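Numbering (the numbering used here), first residue to last: 43 to 331.
We treat Cβ as the ideally placed atom computed from N, Cα and C, and that holds for glycine.
On a predicted model such as this, the values are computed, not experimentally measured, just so you know.
Shown next, in structure tokens, is the structure this report addresses.
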């Protein structure tokens, strides 16, 4: 266990980059062999657009890396957080940390982004992709990196996670981001069995359907537990019937141009069909969560 902890505490940058780039490369190949949808778009151009957004996102995220490291060091120095307050074996601490960091850093922030108009305007850049594949997982407006990092830091404080647990979580998170968005076909029985525990490609693809109510379901990244627990889980019989994108930005001039994608959060707001916002800018849908 000590060697395991030491590895993730001092995880090489090359290993983290390998997970990011290598994961994209591996699933890129698998997409070509077992595609959910036949390739009907300029795959390389699509990847370049998403790649540019990814670079901007990573740069902003790196700017907050020191804040993440400081928060982890601070909670451990002050012995703040669940793993310091409740006695449990180290391996249980690690599992709890990954579970709760996934909740705060993936599920909760994602749910909030769908509920608050200001945050949604940044997040819809991700949803605007009409050809969801492995590169879509990293297609985010750079401004969204700020929200994601703040919620991850909140998770670190609640858990009391040392940095090796944070890096362990981020490794799993990167893999599942690739896995869930990849344009791959899993046998339906396998996908549904796995979706009782983990977020699967078919499960997450429902979230990328272009209209509500499906847009407001399946927020998870690693664990399906959170969607099932909070009533935001949904599934469809045939994933090939899904249409990707977001109903307000189906024009290629809007969703297929990097410059416009960066401008979207600052353009006049257009609510998705069926969306309702209360006076406090909280978004809701007409389906039961």
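Exposure of residue 123, with buried meaning 16 or more beta-carbon neighbours within 10 Å: What you label residue 123 is simply residue 81 of the chain shown in a count that begins at 1. Answer is buried; the Cβ neighbour count reaches 16.
Counted within 10 angstroms of its Cβ, other Cβ atoms place residue 257 as buried (16 or more) or exposed: The residue you call residue 257 lines up with position 215 of the chain shown. By the 10 Å Cβ count, residue 257 comes out buried.
Reduced DSSP category for residue 240 - H, G, I as helix; E, B as strand; rest coil: Walking along the chain shown from the start, residue 240 turns up at place 198. If DSSP states are grouped into helix, strand and coil, residue 240 belongs with the strands.
For residue 270, the first and last residue of its enclosing alpha helix (DSSP H): Within the chain shown, residue 270 is the residue found at index 228, counting from 1. Element bounds for residue 270: 267–271.
Chain-order list of residues whose beta-carbon lies under 6 Å from that of residue 45 (same chain, five-residue window excluded): Position 3 of the chain shown, counted from the start, is the residue given in the question as residue 45. Taken in chain order, the list of residues that qualify is empty.
Close beta carbons around residue 118, own chain, < 7 Å, minus the five adjacent residues each side: Stepping through the chain shown from its first residue, residue 118 is reached at position 76. 202 and 204, listed in sequence order.
Simplified DSSP assignment, three categories, for residue 294: One-based indexing of the chain shown puts residue 294 at position 252. Helix at residue 294.
The region 55–65 contacting the region 216–224, beta-carbon criterion three pairs below 8 Å: yes
Under the three-state DSSP convention, the category residue 77 falls into: Position 35 of the chain shown, counting from 1, holds the residue named residue 77. The answer is strand: DSSP assigns residue 77 an E or B state.
Separation of residue 47 from residue 295, as counted between CA atoms: Within the chain shown, the letter at position 253 stands for residue 295. Within the chain shown, the letter at position 5 stands for residue 47. Approximately 48 Å, taken between the alpha carbons.
Reference residue 266; option with closest CA among 71, 234, 289 and 81: Counting from 1 along the chain shown, the entry for residue 266 is found at position 224. The shortest C-alpha separation from residue 266 is found at 234.
Nearest-angstrom beta carbon gap, residue 114 and residue 291 [assumed within contact, 8 Å]: In the chain shown, residue 291 corresponds to position 249, counting from 1. In the chain shown, residue 114 corresponds to position 72, counting from 1. Actually they are not in contact, since the Cβ atoms of residue 291 and residue 114 sit about 37 Å apart, beyond 8 Å.
Classification of residue 148 by the beta-carbon crowding that lies within 10 angstroms, buried from 16 upward: By 1-based counting over the chain shown, the position of residue 148 is 106. It counts as buried.
Own chain partners of residue 54 with C-beta closer than 8 Å, once the 5 adjacent residues on each side are dropped: Counting from one through the chain shown, the residue named residue 54 turns up at place 12. Correct list: empty, nothing qualifies.
Distance between residue 100 and residue 73 (C-alpha atoms, nearest Å): Position 31 of the chain shown, counting from 1, holds the residue named residue 73. Position 58 of the chain shown, counting from 1, holds the residue named residue 100. Between residue 73 and residue 100, the C-alpha separation is close to 24 Å.
Under the three-state DSSP convention, the category residue 152 falls into: Residue 152 sits at position 110 when you count from the first residue of the chain shown. Helix, per DSSP.
Inter-residue spacing [alpha-carbon to alpha-carbon] between residue 252 and residue 259: Counted from its first residue, the chain shown places residue 252 at position 210. Counted from its first residue, the chain shown places residue 259 at position 217. Using only the alpha carbons, I get a separation of about 12 Å.
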